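In the numbering used here, the protein residues as written are 8 to 166.
All C-beta atoms, glycine included, are put in the ideal place defined by N, C-alpha and C.
Computed from a predicted structure; not experimentally measured.
Have a look at the structure below, then the notes.
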């Protein structure tokens, strides 16, 4: 009990905590040779066009927002997905149930799938959703075969 009280006093009164306003990176510091440049998705003009940078960004976004249900490798075996009915889709194998192609995938992320546990993710920025789609397309065995002109036309109005 003494330890608990002492720890509480330390946390509340003594410890200064973390300064969240602290700038831990000096913007004027010289670039480190071999450093990986930071990818800024807000600067991507055509996020519906797959690039290695978009796939990498999509993988990170997927890991944070999708892997808990679909699994780290996209096989539908995420920890949260174990309790869902129906189970999350295996994104690597199998046919797409809501239509093939990146336009159909975008609509699933935007609207979800009724009667399933696939929620709508329209609150994510369109560029983030495109990045996730590019990552999924990079791991699936059922690759999208889309007309780039139709995708671009759709994407310019997709929100």
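Check your understanding: When burial is assigned at 16 or more other CB atoms within 10 Å of the CB, is residue 95 buried or exposed?
Key -> buried
Practice item. Could you tell me whether the segment 102-113 touches the segment 74-85, where touching means 3 or more Cβ pairs closer than 8 Å? Key: no
Review point. In three-state terms, what does DSSP make of residue 110?
Key: helix
Review point. Three or more beta-carbon pairs under 8 Å between the segment 45-57 and the segment 119-127, yes or no?
Key: no
Point to revise | Helix, strand or coil at residue 165 according to DSSP, with G and I counted as helix | key: coil
Check your understanding: In terms of alpha-carbon separation, which member of 17, 134, 110 and 111 lies closest to residue 64?
Key -> 134
Check your understanding: Of all the options 89, 110 and 83, which has the alpha carbon lying nearest to the alpha carbon of residue 99?
Key -> 83
Check your understanding: residue 138: buried (16+ other C-beta within 10 angstroms of its C-beta) or exposed?
Key -> buried
**Study point:** Extent of the continuous alpha helix (DSSP H) to which residue 140 belongs
**Key:** 133-146
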